[in-house]
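J.: Per the working numbering, the sequence shown starts with residue 1224, numbered consecutively.
C-beta: ideal position from N, C-alpha, C; glycine also.
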Amino acid sequence: MILPGTRELHDYWGRLKGERAAPDRAEIDPVAIRHILPDIFIIEVDPERRLPLRLCGARVNALWQREQKGRRFLDWWRAQRQEAMAEAMRRVIDAQTPLVARARTAPDRDAAELELLLLPLRHFGKSCSRVLGSLAPTQRLEWMGICPVGPLDLVAARMLEHKAAEGSKEVWRRAEIARLADG
């Protein structure tokens, strides 16, 4: 994780979940993470796995210059990467394991890299019925916020697998799930 906001959201999620696989959506206190809320979104895990966005922060909306709530999460991605992103989401949902990824904007202008974090959430006691995420550019570009980013390209992704350790200390093992730049 490159961005401080990504690490902060991951750490907050980890504190909420404790020994469980994932915290409940109702446990999230927006005040506790208010300074990173603009980069946050929540995805509903619906039975058809259409993955509609239930909530989107202002900076996420600004990337596309329109409200993202109600759109499908997979619509953020280039057609050639949607299946890879769907597989990554399946892993987050089914294994209840966080994922961190790098994405890139379309190369028709100065391409920008973005950091993506996906964290499983419980909702009303159902395991992984929501996914908490963040999406933020790794650098500032002059055109960002003026022109919509368009479909994203998934560059790389890795699962952050929890592994029990001695005492209450947690160790996160990073496992590469895909090097997706080559297809």
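What whole-angstrom Cβ distance do P1374 and W1299 have, given they're in contact under 8 Å?
T.: The residue given as residue 1374 occupies position 151 in the sequence shown. The residue given as residue 1299 occupies position 76 in the sequence shown. Confirmed, Cβ separation roughly 7 Å.
J.: For D1262, count neighbouring Cβ atoms within 10 angstroms of its own Cβ and tell me buried if that reaches 16, exposed if not.
T.: Here residue 1262 is taken as the residue at index 39 of the sequence shown, counted from 1. Buried.
J.: Compute the distance between the beta-carbons of F1264 and Q1305, then report whether it is under 9 Å.
T.: Start at 1 with the first residue of the sequence shown, and residue 1264 comes out as number 41. Start at 1 with the first residue of the sequence shown, and residue 1305 comes out as number 82. No. Outside cutoff.
J.: Let me check one thing: in DSSP terms, what residues is M1224 bridge-paired to?
T.: The residue you call residue 1224 lines up with position 1 of the sequence shown. BP columns for M1224 are empty, so no partner.
J.: If I follow the unbroken alpha helix (DSSP H) through A1205, where does it start and stop?
T.: Absent from the structure is residue 1205, since the part of the chain shown begins at 1224 and ends at 1406.
J.: What does the alpha-carbon distance come out to for the pair E1310 and R1295?
T.: On the sequence shown, residue 1310 is found 87 positions in, with the first residue counted as 1. On the sequence shown, residue 1295 is found 72 positions in, with the first residue counted as 1. Distance between the alpha carbons of E1310 and R1295 is about 15 Å.
J.: Out of E1336, R1301, G1356 and Q1362, which one is the CA nearest neighbour of R1230?
T.: For the purposes of this step, residue 1230 is taken as residue 7 along the sequence shown, with counting starting at 1. Measuring from the Cα of R1230, the nearest candidate turns out to be G1356.
J.: Which one of L1358, D1252, E1242 and P1321 has the shortest CA to CA distance from L1276?
T.: Residue numbering aside, residue 1276 sits at position 53 when the sequence shown is read from its first letter. Closest option to L1276, Cα to Cα, is L1358.
J.: Span of the alpha helix (DSSP H) holding A1307?
T.: Position 84 of the sequence shown, counting from 1, holds the residue named residue 1307. Taken as a continuous stretch (DSSP letters only), the alpha helix (DSSP H) holding A1307 covers Q1305 to A1318.
J.: What residues match up with D1247 in a beta bridge as DSSP calls it?
T.: By one-based count along the sequence shown, residue 1247 stands at place 24. D1247 is bridged to R1345.
J.: Can you tell me which of R1381, L1377 and I1225 puts its alpha carbon nearest to the alpha carbon of Q1303?
T.: Walking along the sequence shown from the start, residue 1303 turns up at place 80. Comparing Cα positions, the closest option is L1377.
J.: Between V1254 and L1342, what straight-line distance do the alpha-carbon atoms span, to the nearest angstrom?
T.: The count along the sequence shown starts at 1 and reaches residue 1254 at position 31. The count along the sequence shown starts at 1 and reaches residue 1342 at position 119. Going by the C-alpha atoms only, they are around 19 Å apart.
J.: Going by beta carbon distance, what residues of the same chain come within less than 6 Å of G1237, once the five residues before and after it are set aside?
T.: The residue labelled residue 1237 in the question sits at position 14 within the sequence shown. For G1237, where only same-chain residues beyond five positions count, there are no Cβ hits under 6 Å.
J.: Hey, is L1337's beta-carbon within less than 9 Å of any beta-carbon in chain B?
T.: In the structure shown, chain B does not exist; there is a single protein chain.
J.: When you compare only the Cα positions, how much space is there between L1286 and T1361?
T.: If you number the sequence shown from 1, residue 1286 lands on position 63. If you number the sequence shown from 1, residue 1361 lands on position 138. Roughly 13 Å separates the two Cα atoms.
J.: Is R1273 helix, strand or coil by DSSP?
T.: One-based indexing of the sequence shown puts residue 1273 at position 50. In this structure, R1273 counts as coil in the three-state DSSP scheme.
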